[in-house]
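So our numbering is basically just the index in the sequence shown, starting at one, shifted up by 1. Please read the structure below before turning to the comments.
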Amino acid sequence: MNKDGTLADILEPVSAVNDARDAQKALKKSLTALVRAAGMDAGWARIQIKQGDVKVSADTGEGLPSFCFNGLKAPECLCARQIAAGKTGAAKKPAGAFCRERSYAFAAFAPVMDGKKTVGFIFLAAKKKSSFNPVALDALARHAGLMVHRAAQAALREKRLQTLQTVTRVGAIIASQLTLKELTQAVVEHLGRVLRTDRVNMVLYNRKEETLEFVATYFSGENNTDGTEVYPLSDGMNSWIVKNRRPLVIGNGTEEECARMGIRHGGTPAKSWMGAPMLHNGQIIGVLSVQAYGEPEVYDASAVELMSLVAAQVAVAVVNAQLYEATDRREKEKQKLYYSLTHDLLSFVTPVAGYGEVLQRIPADDLAGRKDDIGKSIADSARKITRFVEDILFYSKLEAGRLSMQPHPVNIYYIIDQSVSNFYSEMNQRKLELYVEGEKYVKGSAFPQKVVHCDTLQIERVINNCIQNALKHAVSRVEVNTRMDQGELWCTIADDGEGMPRELAPKVFDEYYQAHAGKKGVGLGLPSVKRIVEQHGGRVWVETDSGKGFAFTFSLPVTQSR
2 MNKDGTLADI
12 LEPVSAVNDA
22 RDAQKALKKS
32 LTALVRAAGM
42 DAGWARIQIK
52 QGDVKVSADT
62 GEGLPSFCFN
72 GLKAPECLCA
82 RQIAAGKTGA
92 AKKPAGAFCR
102 ERSYAFAAFA
112 PVMDGKKTVG
122 FIFLAAKKKS
132 SFNPVALDAL
142 ARHAGLMVHR
152 AAQAALREKR
162 LQTLQTVTRV
172 GAIIASQLTL
182 KELTQAVVEH
192 LGRVLRTDRV
202 NMVLYNRKEE
212 TLEFVATYFS
222 GENNTDGTEV
232 YPLSDGMNSW
242 IVKNRRPLVI
252 GNGTEEECAR
262 MGIRHGGTPA
272 KSWMGAPMLH
282 NGQIIGVLSV
292 QAYGEPEVYD
302 ASAVELMSLV
312 AAQVAVAVVN
322 AQLYEATDRR
332 EKEKQKLYYS
342 LTHDLLSFVT
352 PVAGYGEVLQ
362 RIPADDLAGR
372 KDDIGKSIAD
382 SARKITRFVE
392 DILFYSKLEA
402 GRLSMQPHPV
412 NIYYIIDQSV
422 SNFYSEMNQR
432 KLELYVEGEK
442 YVKGSAFPQK
452 VVHCDTLQIE
462 RVINNCIQNA
472 LKHAVSRVEV
482 NTRMDQGELW
492 CTIADDGEGM
502 PRELAPKVFD
512 EYYQAHAGKK
522 GVGLGLPSVK
532 RIVEQHGGRV
542 WVETDSGKGF
552 AFTFSLPVTQ
562 SR
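So this is what it looks like as structure tokens:
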């Protein structure tokens, strides 16, 4: 083999490489060819290049089980001198001060350059003296530098293309009008495949409840949106992102890095972890995170950029999906309400029509004896219709902000007495007992003064609605109790009815919500209670459980708020 042919054999493997994944194998082939052609006994080649967010590395030897230093920081030796000088060099008898490889009589070194920057080296050694010609070594070093430069540029282009394709694909997923569950599942599955990661999580943040809900998880080819988990906002990694509103990247073990940063570690430890906030109109709505269990430093700046882009896209889609589902749910509730309203209104109107027909059929001679009862029944039905319609009109005003409050000092017992009087006859007919402050209520009962600052008519409406709700469910008794608590008056209206599961209790203040089928009502009485009390600067809550009745409590300021 002539000299030109030998050089061509040496350079051919590295000259053909454009992919970073092939760099190690090509460098090994070229180094082996160089060692043999130059009559050397051993060699080592190491390249570590970074361009932008792309790293390309190759580390291989021929005739050496290992090399005497890591990276590109050599001790005081031939390699250190030549790395600093940035040029090829050789030394006879390199042992001692020149080289730690004491068994060699000759060593040669060439830096691998990317422009003016040293990114690697090629080391050759022989056990006997050599008349080594550095041409082939220089050529290989130069071509190796070109190889990794091409590979890094190709990797950068691939990453940019991957980012564009991912963003485009996520956009297509968003545009496909999926449900929230389908959307989150599709996004985490796509990210898991693109980033070749072990796990992807999508976590939604509930600002009102201060909780994090894991809505979708992709794990090594499997995705899961069933059995979502909810955790309180705390001091974990996802919570850190929610609180700091910026990405978090951990590259050298989650347990160690979390301990260093003061972050609580939870779940399976990972070598690499990255999370990005999902932001919409300046508000954080969740976290998108990925993790790799076996390899450190997996996620670089380009991965963070990709995750941030996707997280921003998904945030918009999630909010839109939530709004759509909320609107759809509200429309379905309204449809149920319209049916319920029609049914309930008909049940109030039917008796009036029936009594009218009775009046028409009764002979004039018999009318005098029955008109009082019929008239009372018609009047009762008319009052129910009036109250039914008034509830709807009142809530419409409340919703539109057209209801003005006229607060003034008033004894709460005056309002309670006015309210319970409205239902006294009905309770007697149903043989229900009414207790106020632990005593059986009797009209005109005297109670001590407890003055609050409120709009009398509106707080009477609050108590009316709560008592009306209690009457729907009570079995034998209704209780009204008050107490003072840190500058507030608390008023509780309780019944001994069937109650409801504790976790459903907050829903009773939702518009149009019906706790029990078959119980007539507009579903606006308790939402009105909540709005009126809150406009007074108070609070309202419910305590209940299955078989234990309802207890509604609202608070009012004792003095005028300033």
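Backbone N, C-alpha and C define an ideal beta-carbon position, used for all residues, glycine too.
Counted as a single uninterrupted DSSP element, the alpha helix (DSSP H) harbouring C80 occupies residues L79 to A86. Rounded to the nearest whole angstrom, the CA to CA distance from I379 to C455 is 35 Å. The beta carbon of N253 is closer than 6 Å to those of P297 in its chain, skipping five residues each way along the sequence. Ranked by how close their Cα comes to the Cα of S290, the residues A39, E358, F220 and R403 have F220 in first place. 7 Å or more divides the Cβ of Y300 from the Cβ of V243. For P14, same chain residues with a beta-carbon under 6 Å away, outside a window of 5 residues either side, are A27, K30 and S31 in chain order.
Of all C-beta pairs linking the region 187-194 to the region 329-337, fewer than three are shorter than 8 Å, placing the two stretches out of contact. Under the three-state reduction of DSSP, D199 is assigned to coil, being neither helix nor strand. Our two residues, R265 and G64, have alpha carbons roughly 48 Å apart in a direct line. The Cβ neighbour count for D374, taken over all protein chains shown within 10 Å, is under 16; the residue is labelled exposed. Under DSSP, H409 forms a beta bridge with C455.
For the region 6-59, the continuous alpha helix (DSSP H) assignments of 4+ residues that do not extend past its boundaries occur at 24-38, in sequence order. Assigned with DSSP and collapsed to three states, F349 falls in helix. For M501, there is no enclosing beta strand (DSSP E), since its DSSP letter is neither H nor E. If you draw a straight line from the Cα of G488 to the Cα of K432, it comes to about 37 Å.
By the C-beta criterion, the region 383-400 is judged not to be in contact with the region 418-437, since fewer than 3 inter-stretch pairs fall below 8 Å. The three-state reading of DSSP puts D486 in strand, counting E and B together.
Within its own chain, the residues whose Cβ lies closer than 6 Å to the Cβ of M148, once the five positions on either side in sequence are excluded, are V15 and V18, listed in chain order. Nearest to G283 by alpha-carbon distance, out of P112, E159 and V320, is V320. Taking all protein chains in view, the Cβ of Q336 is surrounded by fewer than 16 other Cβ atoms within 10 Å, so the residue is classified as exposed. When the beta-carbon positions are compared, N412 and Q450 come within less than 7 Å of each other. In the three-state scheme derived from DSSP, where H, G and I count as helix and E and B as strand, Q419 is classed as helix.
In this structure, L307 and A137 do not form a Cβ contact; the two beta carbons are roughly 42 Å apart against a cut-off of 8 Å. Put simply, the backbone Cα of A86 is about 39 Å away from that of E257. CA-to-CA, the gap between S309 and A109 works out to about 47 Å.
Relative to the Cα of A327, the nearest Cα in the group T180, R247, R362 and Y339 belongs to T180.
DSSP, reduced to helix, strand and coil, places Q284 within a strand of the structure shown. A residue is called buried once 16 or more other Cβ atoms fall within 10 Å of its Cβ, and L458, having fewer, is exposed. A552 and I251 have their C-alpha atoms roughly 50 Å apart.
If you draw a 10 Å sphere on the C-beta of E210, you find fewer than 16 other C-beta atoms in it, and that means exposed.
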